[in-house]
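Working notes, structure below.
Protein chains: 2
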Amino acid sequence: MENPVLAEVTRGNVVKSRHRGAAIVVDADGAVVFATGDIERAVFPRSAVKALQALPLLESGAADRYGLTEAEIALAVSSHSGEPLHAETSLAMLRKAGREAACLECGAHWPSRRGRGAGARSLRSRAERLDERFLGKHAGFVCLSCALDEDPAGYVKAGHPVQQAVRGALDGDRRGPRGGADGHRWLLDPHLCRAAFGAGARLRALRHRPRLGPERAKAAARIRAAAAAHPFMVAGTGRFDTRLMGLLGARAFTKTGAEGVYCAALPELGYGIALKCDDGAGRASEVALGALIARFLPMDEATQAAPGPRCGRRC
Amino acid sequence: MENPVLAEVTRGNVVKSRHRGAAIVVDADGAVVFATGDIERAVFPRSAVKALQALPLLESGAADRYGLTEAEIALAVSSHSGEPLHAETSLAMLRKAGREAACLECGAHWPSRRGRGAGARSLRSRAERLDERFLGKHAGFVCLSCALDEDPAGYVKAGHPVQQAVRGALDGDRRGPRGGADGHRWLLDPHLCRAAFGAGARLRALRHRPRLGPERAKAAARIRAAAAAHPFMVAGTGRFDTRLMGLLGARAFTKTGAEGVYCAALPELGYGIALKCDDGAGRASEVALGALIARFLPMDEATQAAPGPRCGRRC
Numbered sequence: 001m002e003n004p005v006l007a008e009v010t011r012g013n014v015v016k017s018r019h020r021g022a023a024i025v026v027d028a029d030g031a032v033v034f035a036t037g038d039i040e041r042a043v044f045p046r047s048a049v050k051a052l053q054a055l056p057l058l059e060s061g062a063a064d065r066y067g068l069t070e071a072e073i074a075l076a077v078s079s080h081s082g083e084p085l086h087a088e089t090s091l092a093m094l095r096k097a098g099r100e101a102a103c104l105e106c107g108a109h110w111p112s113r114r115g116r117g118a119g120a121r122s123l124r125s126r127a128e129r130l131d132e133r134f135l136g137k138h139a140g141f142v143c144l145s146c147a148l149d150e151d152p153a154g155y156v157k158a159g160h161p162v163q164q165a166v167r168g169a170l171d172g173d174r175r176g177p178r179g180g181a182d183g184h185r186w187l188l189d190p191h192l193c194r195a196a197f198g199a200g201a202r203l204r205a206l207r208h209r210p211r212l213g214p215e216r217a218k219a220a221a222r223i224r225a226a227a228a229a230h231p232f233m234v235a236g237t238g239r240f241d242t243r244l245m246g247l248l249g250a251r252a253f254t255k256t257g258a259e260g261v262y263c264a265a266l267p268e269l270g271y272g273i274a275l276k277c278d279d280g281a282g283r284a285s286e287v288a289l290g291a292l293i294a295r296f297l298p299m300d301e302a303t304q305a306a307p308g309p310r311c312g313r314r315c
Numbered sequence: 001m002e003n004p005v006l007a008e009v010t011r012g013n014v015v016k017s018r019h020r021g022a023a024i025v026v027d028a029d030g031a032v033v034f035a036t037g038d039i040e041r042a043v044f045p046r047s048a049v050k051a052l053q054a055l056p057l058l059e060s061g062a063a064d065r066y067g068l069t070e071a072e073i074a075l076a077v078s079s080h081s082g083e084p085l086h087a088e089t090s091l092a093m094l095r096k097a098g099r100e101a102a103c104l105e106c107g108a109h110w111p112s113r114r115g116r117g118a119g120a121r122s123l124r125s126r127a128e129r130l131d132e133r134f135l136g137k138h139a140g141f142v143c144l145s146c147a148l149d150e151d152p153a154g155y156v157k158a159g160h161p162v163q164q165a166v167r168g169a170l171d172g173d174r175r176g177p178r179g180g181a182d183g184h185r186w187l188l189d190p191h192l193c194r195a196a197f198g199a200g201a202r203l204r205a206l207r208h209r210p211r212l213g214p215e216r217a218k219a220a221a222r223i224r225a226a227a228a229a230h231p232f233m234v235a236g237t238g239r240f241d242t243r244l245m246g247l248l249g250a251r252a253f254t255k256t257g258a259e260g261v262y263c264a265a266l267p268e269l270g271y272g273i274a275l276k277c278d279d280g281a282g283r284a285s286e287v288a289l290g291a292l293i294a295r296f297l298p299m300d301e302a303t304q305a306a307p308g309p310r311c312g313r314r315c
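The listed protein sequences correspond, in order, to chains A and B.
The numbering used here applies: residue 1 is where the first sequence begins, and numbers increase by one.
The numbering used here applies: residue 1 is where the second sequence begins, and numbers increase by one.
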């Protein structure tokens with residue numbers, strides 16, 4: 001059974017390209033408000049759940065211990081562009097924990113994956129291979145490690161206390177394929193997204209996670225507030241998440257993932273949204289997410305007319 | 001009726017994304033050798049037919065009059081990267097015709113499209129808005145215009161002799177939607193592709209174009225030879241067309257178009273190939289084209305093992 005067309009690319013009246021996919025919206029009781037396509041198919045949510053991975057940074061007290069600002073918390077949940085402010089803010093986070101860029105392991109192919117010989121790589125060559133999209137997330141991981149009084153070395157490895165804490169945040173009573181040091185291997189599940197980012201008070205009936213503890217609810221609220229106040233930090237200049245949250249503020253938390261995945265929460269409705277374009281196209285997942293938000297979130301005409309949510313127009 | 005999956009993106013054993021589409025291969029008699037998906041659906045072939053648009057540059061004698069090199073002819077059929085050698089070679093072509101960059105109109109939104117007021121734009125501001133991917137094609141258009149003893153001004157307009165010549169090359173007895181000053185609005189048709197790039201002697205039985213005149217066959221052969229000798233000029237560093245033609249030489253002429261379109265010819269077989277990915281993904285059209293070439297073109301193990309044609313692996 002094929003998935004329906006979520007977005008089309010047109011030239012005049014001619015459809016040039018079509019993007020198929022699946023999407024689901026659930027309410028605070030876990031009931032399905034809207035669904036289209038095969039919502040049972042397993043996918044990798046990838047960076048779309050980065051905000052969940054950052055929960056331990058708040059829950060552990062690390063953010064308070066190192067006095068992380070709202071902008072820095074927003075950066076910790078980001079898939080940011082390589083703009084100078086992103087890199088500078090990442091380094092500022094590390095310095096607050098008494099560390100330097102050399103301890104970052106994003107994209108550095110930690111030896112466990114490629115044999116011990118790779119361990120001989122110099123810090124300099126490692127730094128050159130850092131994936132700059134993930135500096136913020138990894139700076140958050142290093143802060144968490146330090147707050148846990150653990151050596152950050154190897155914090156990307158499955159056995160490291162940082163990854164154990166991250167898995168705990170992602171896990172709950174989740175079922176489905178697991179594995180991967182980066183926590184990417186999970187079923188796409190809007191409940192998961194809503195658990196962290198929906199309105200905390202309304203999450204008690206959540207099917208897979210019957211109660212959101214007060215610490216987790218507070219951490220999720222802080223992350224949402226940080227992203228709403230600093231949408232630039234979550235993505236970057238001209239990026240869809242940045243423009244959408246810049247437009248809607250705290251009314252929507254949105255997070256893109258690789259290969260056409262999107263997760264979002266509409267806190268005032270208690271809604272969680274998850275979608276995946278079959279072909280992995282970000283341009284289509286953006287349009288589809290915008291259309292879903294415009295469909296459910298009441299907004300005035302000026303907001304409707306802005307590029308982005310209305311009719312799924314891309315920013 | 002949905003189109004079949006042409007390419008998949010995997011992570012381990014999990015399929016992360018799927019790309020659907022249609023493809024056709026025809027032989028020198030116009031018979032369908034292979035077809036999958038809805039091959040009747042109208043598409044814009046876009047830059048995939050750029051080599052056809054360049055035929056008048058050869059047929060008119062412009063290339064010989066201005067002493068264009070093989071590299072310059074290859075550039076005239078390109079969708080090149082913005083690398084310095086592409087821009088320098090484009091300017092060299094213009095200088096051979098006694099012109100400068102100021103007369104280029106690629107991406108300059110010629111006044112007829114946006115009202116006469118736009119005509120007041122300075123040459124400088126126009127130059128800043130040039131689409132550098134098309135410098136080579138447009139330099140070829142300017143050379144053609146000069147060889148026709150026509151003022152190049154307005155060469156992108158439908159009524160200009162340059163566009164009339166280009167339409168003539170694309171047209172024949174073609175049917176289907178037409179229009180657009182850039183000649184993009186055509187049915188995707190492998191016969192069209194094969195007419196110019198298949199083995200000339202075997203094209204007499206072509207259904208829509210019963211005879212390829214000696215001048216056109218010669219022009220097509222020169223374009224193929226130029227692309228085979230200078231694949232860098234047709235695309236650029238690391239680009240699929242460049243690597244594929246660098247690997248296969250004169251055995252394959254391939255040309256990508258926007259939105260997942262590909263046209264190709266395998267002269268020694270007299271085959272023409274055309275394909276379109278539904279979602280417009282270039283990564284999928286490259287894989288699908290590579291798989292089709294590997295299926296039909298005999299090649300030794302070393303070539304099979306190279307990234308690109310074998311099993312549709314991307315370069």
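Glycine is no exception: its CB is placed at the ideal position from the N, C-alpha and C atoms.
Just so we're clear, the structure is a prediction, and the values are computed from it rather than from any experiment.
*residue 14 of chain A and residue 8 of chain A: beta carbons closer than 7 Å?*
no
*Are residue 37 of chain B and residue 22 of chain B touching if we call contact CB-CB under 7 Å?*
yes
_With a threshold of 7 Å between beta-carbons, can residue 19 of chain B be considered close to chain A, or not?_
yes
*Establish whether the CB of residue 280 of chain B and some CB of chain A are separated by less than 7 Å.*
yes
_To test your reading of the DSSP string, which unbroken alpha helix (DSSP H) runs of 4 or more residues are found completely within the stretch 246-309 of chain A?_
282-296, 301-305
_Burial state of residue 1 of chain A, where buried means 16 or more other Cβ atoms lie within 10 Å_ = exposed
*Answer with buried or exposed for residue 219 of chain A, where buried requires no fewer than 16 other C-beta atoms within 10 angstroms of its C-beta.*
buried
*Could you please tell me which residues of the stretch 261-291 of chain B, in chain order, have their CB closer than 7 Å to any CB of chain A?*
278, 279, 280, 281
*Between which two residues does the beta strand (DSSP E) containing residue 399 of chain B stretch?*
Look at the range of chain B in this structure, 1 to 315, and you will see that residue 399 of chain B is not part of it.
*Simplified DSSP state of residue 21 of chain B, which is helix, strand or coil*: strand
*Could you tell me which residues DSSP pairs with residue 243 of chain B in its beta bridges?*
Looking at the DSSP assignment, residue 243 of chain B forms no beta bridge with any residue, so it has no partner.
*In chain A, what lies closer than 8 Å to residue 11 of chain B by C-beta?*
44
_Determine, for residue 16 of chain A, whether the minimum Cβ-Cβ distance to residues of chain B falls below 7 Å._
yes
*Nearest to residue 276 of chain B by alpha carbon, out of B:59, B:305, B:264?*
B:264
*Is the CB of residue 5 of chain B under 7 Å away from at least one CB in chain A?*
no
*By DSSP, does residue 157 of chain B sit in helix, in strand, or in coil?*
coil
*Apply the 10 Å Cβ neighbour rule to residue 163 of chain B and answer buried if 16 or more other Cβ atoms are within range, or exposed otherwise.*
buried
*Cβ of residue 245 of chain A within 7 Å of Cβ of residue 226 of chain A?*
no
_Using CA atoms only, rank isn't needed, just tell me which of B:170, B:39, B:268 is closest to residue 51 of chain B._
B:170
*Residues near residue 96 of chain B in its chain [Cβ-Cβ closer than 6 Å; skip 5 each side]*: 66
*Among A:146, A:80, A:299, which one has its Cα closest to the Cα of residue 268 of chain A?*
A:299
*Going along chain B, which residues have a C-beta under 7 Å from residue 2 of chain A?*
2
*Is any beta-carbon of chain B found at less than 7 Å from that of residue 167 of chain A?*
no
_Pairs of beta-carbons, one from the stretch 70-86 of chain B and one from the stretch 234-242 of chain B, closer than 8 Å: are there three or more?_
yes
*Between the stretch 248-261 of chain B and the stretch 283-298 of chain B, do at least 3 Cβ pairs fall closer than 8 Å?*
yes
*asked:* Assuming the contact rule is C-beta atoms closer than 8 Å, residue 83 of chain A and residue 282 of chain A should be a hit. Round their C-beta distance to whole Å, please.
replied: At roughly 18 Å, the Cβ-Cβ gap does not stay under 8 Å, so residue 83 of chain A and residue 282 of chain A are not in contact.
*Alpha carbon to alpha carbon, how far is residue 287 of chain A from residue 256 of chain B? Give it in angstroms, no decimals.*
26 Å
*Is the shortest distance between the beta-carbon of residue 259 of chain B and the beta-carbons of chain A less than 7 Å?*
yes
_Complete beta strand (DSSP E) runs within the stretch 39-91 of chain B (minimum length 3 residues, chain order)_ = none
_With the cut-off set at 7 Å, would you say residue 317 of chain B and residue 90 of chain B are in Cβ contact?_
Any answer about residue 317 of chain B is impossible in this case: the structure gives chain B only from 1 up to 315.
*asked:* For residue 215 of chain A, report the span of its alpha helix (DSSP H) as first-last.
replied: 214-229
*Within 10 angstroms of the Cβ of residue 214 of chain A, are there 16 or more other Cβ atoms? Answer buried if so, exposed if not.*
exposed
*asked:* So for residue 144 of chain B, helix, strand or coil by DSSP?
replied: helix
*How many angstroms separate the CA atom of residue 259 of chain A from the CA atom of residue 17 of chain B?*
7 Å
*Give me the Cα-Cα distance between residue 168 of chain B and residue 53 of chain B, rounded to the nearest whole angstrom.*
9 Å
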